[in-house]
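Under the numbering used here, the sequence shown has 170 at position 166, and the numbering climbs by one with no breaks.
For reference, the structure is listed below as structure tokens.
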Amino acid sequence: MIKISNKKVNKIKKSNIEFINEKEDYAIIIETKYNSAIVLYENELLEVTLSKSIKGIINKILFSGDKVILEDSKITGIIKRKNILSREKYDSTKLNDIGVKKIIATNIDIAIIVVAANEPPLHPKFIDRYMILLNNSNIPFIICINKCDLLSKKEEKTIKLYESLGIKIIKTSIYNKSGIEELKNVLNSKQAIFVGHSGVGKSSLINTILNESDIKTGSLGNKTKKGCHTTTSSTYYKWNENSGVIDTPGIRSLDLSNYKVEDIKNSFEEFIPYNNLCKYKNCHHNTEPVSFCMIKKQVINGTISKERYESYLKIINEIKRK
């Protein structure tokens, strides 16, 4: 197991680190400390420091997934990031304080939103929040319904709702191994991140992929390749030559109150054809009369699901209360 630190940061401090558009020879940040970092370079783990020409604290300017340039075990530059995934202020986990902005990872090719069919119960509104976060971070995603052996008709109805939106869904179970090969095909040759509620089985899924791949993860010092029942910090695994996954701590709440209403409206894809058909251009689809709001009309006639609309209302009401 290779751990990635997930330090609390309020903002990225400015530094004179050099950003480079592209370079084939690079290392990937695995873990950052105060004045050093663990990187993966040519299938080996190395502990490196910043070049004297770069001013700054490593875990304030570099994050898991960053691609960096090395010279004599020194970081001399960073390749321009394709995206950054961070949790907004007021998010909380079991071990982290509320009111702290946290960068989770960078350079993500695909995100896997993991939910359980049951135990814990499937929460569609939590899926909606992650979809908004990922859409606004320009990160493609799929939904993984884990513990699919516990599916009931109620959860199947929820799955069909998201499938109707054109979202790819994979059903998995670590007990009968269903869906594992399909999931591996999606992850192959990508840097992926697993996100979701506490207890949905993200770590168990990753452990299953690792065990089946028969590819060992490198270790440094006392770190070993073994799973944890509860993930307390982001963890990076390389399971194939060009494939890596990042496990993240389960989140109990995901706050979106820093977003604008327009960002939320445009993240509900089924709203988009109707957003500009309301009587008022700045319609927020909440307190306006039904006769003025095209979205409300679509909810009434069943074109837009009531559950998704209620999820939207809850989020924008949080924004308006801020």
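Beta carbons are placed, not taken as given, at the ideal position from N, Cα and C, and that holds for glycine.
| Query | Result |
| --- | --- |
| Please work out which residues of its chain come closer than 6 Å, Cβ to Cβ, to Ile114, disregarding the five sequence neighbours upstream and downstream, and give them in chain order. | Pro144, Lys194 and Ala196 |
| Excluding sequence positions up to five away, which residues of its chain have a Cβ less than 8 Å from the Cβ of Ile117? | Ile131, Tyr134, Met135, Leu138, Phe145, Ile146, Ile147, Cys148, Val199 and Gly200 |
| Among Glu186, Lys172 and Cys287, whose alpha-carbon lies nearest the alpha-carbon of Ile178? | Glu186 |
| Quick one: is the Cβ of Lys269 within less than 7 Å of any heavy atom of the ligand FAD? | The ligand FAD is absent from the structure shown, which contains no ligands of any kind. |
| Nearest-angstrom Cα distance between Leu317 and Phe296? | 17 Å |
| Given that a residue counts as buried once 16 or more other Cβ atoms are within 10 Å of its Cβ, and exposed if not, what is Lys313? | What sits at residue 313 in the sequence shown is Tyr, not Lys. So Tyr313 ends up on the buried side. |
| Beta carbon of Ile213, beta carbon of Asp251: below 8 Å? | no |
| Could you check what DSSP says for Asn139 in three-state terms: helix, strand or coil? | helix |
| Between the C-alpha atoms of His127 and Phe23, what's the straight-line distance to the nearest angstrom? | 40 Å |
| So, under 8 Å CB-CB, Asn87 and Ile112 are touching, yes? Tell me the CB distance rounded to an integer number of Å. | 6 Å |
| Could you have a look at Tyr166 and say whether DSSP puts it in helix, strand or coil? | helix |
| Taking 8 Å as the threshold (C-beta atoms), are Lys71 and Ile82 in contact? | yes |
| What residue range does the beta strand (DSSP E) around Glu35 cover? | Ala31 to Thr36 |
| Can you round the beta-carbon distance between Ser90 and Ile33 to whole angstroms, since I take them to be within the 8 Å contact cut? | 15 Å between Cβ atoms; not a contact. |
| Which of helix, strand or coil does DSSP assign to Val265? | helix |
| Closest to Arg325 by CA distance: which of Ser271, Tyr263 and Ser141 is it? | Tyr263 |
| Looking at the structure shown, is Thr228 part of a helix, part of a strand, or coil, going by DSSP? | At Thr228 the pLDDT is 33, less than 50, meaning the model places this residue with poor confidence and gives no usable figure here. |
| Based on DSSP bridge pairs, tell me the residues matched to Lys318. | According to DSSP, Lys318 bridges with nothing at all. |
| Span of the beta strand (DSSP E) holding Val72? | Lys71 to Glu75 |
| With DSSP as the reference, please indicate the residues paired to Ile117 in a beta bridge. | Ile147 and Val199 |
| Taking the alpha helix (DSSP H) that Lys301 falls in, what are its first and last residues? | Met298 to Asn305 |
| How big is the Cα-Cα spacing for Gly306 and Leu165? | 12 Å |
| Who are Arg91's beta bridge partners in DSSP? | Lys106 |
| Is it the case that the Cβ atoms of Ser40 and Ile62 are separated by a distance below 8 Å? | yes |
| Quick one: using the 10 Å Cβ neighbour count with 16 as the cut-off for buried, is Val52 buried or exposed? | buried |
| For Asp251, does the three-state DSSP call read helix, strand or coil? | strand |
| For Leu169, collect the residues of the same chain with a Cβ closer than 8 Å to its Cβ; drop the 5 residues on either side in sequence, then sort them by chain order. | Glu273 and Glu274 |
| Which term fits Lys206, buried or exposed, when burial requires 16 or more other beta carbons within 10 angstroms of its beta carbon? | buried |
| Taking the alpha-carbon positions, what's the Glu167 to Ile184 distance? | 19 Å |
| Would you please state the rounded distance, in angstroms, between the beta carbons of Ser261 and Ile304? I believe it to be under 8 Å. | Incorrect: roughly 28 Å between the Cβ atoms, too far for contact. |
| Please classify Pro253 as buried or exposed, where buried requires at least 16 neighbouring CB atoms within 10 angstroms. | buried |
| Starting from Ile184, trace the beta strand (DSSP E) both ways and give me its first and last residue. | Ile184 -> not in any beta strand (DSSP E); alpha helix (DSSP H) instead, spanning Ile184 to Leu191. |
| On the DSSP bridge list, what partners appear for Glu51? | Ile42 |
| Nearest by alpha-carbon distance to Tyr45: which of Ile73, Ser309, Val249 and Ser55 is it? | Ile73 |
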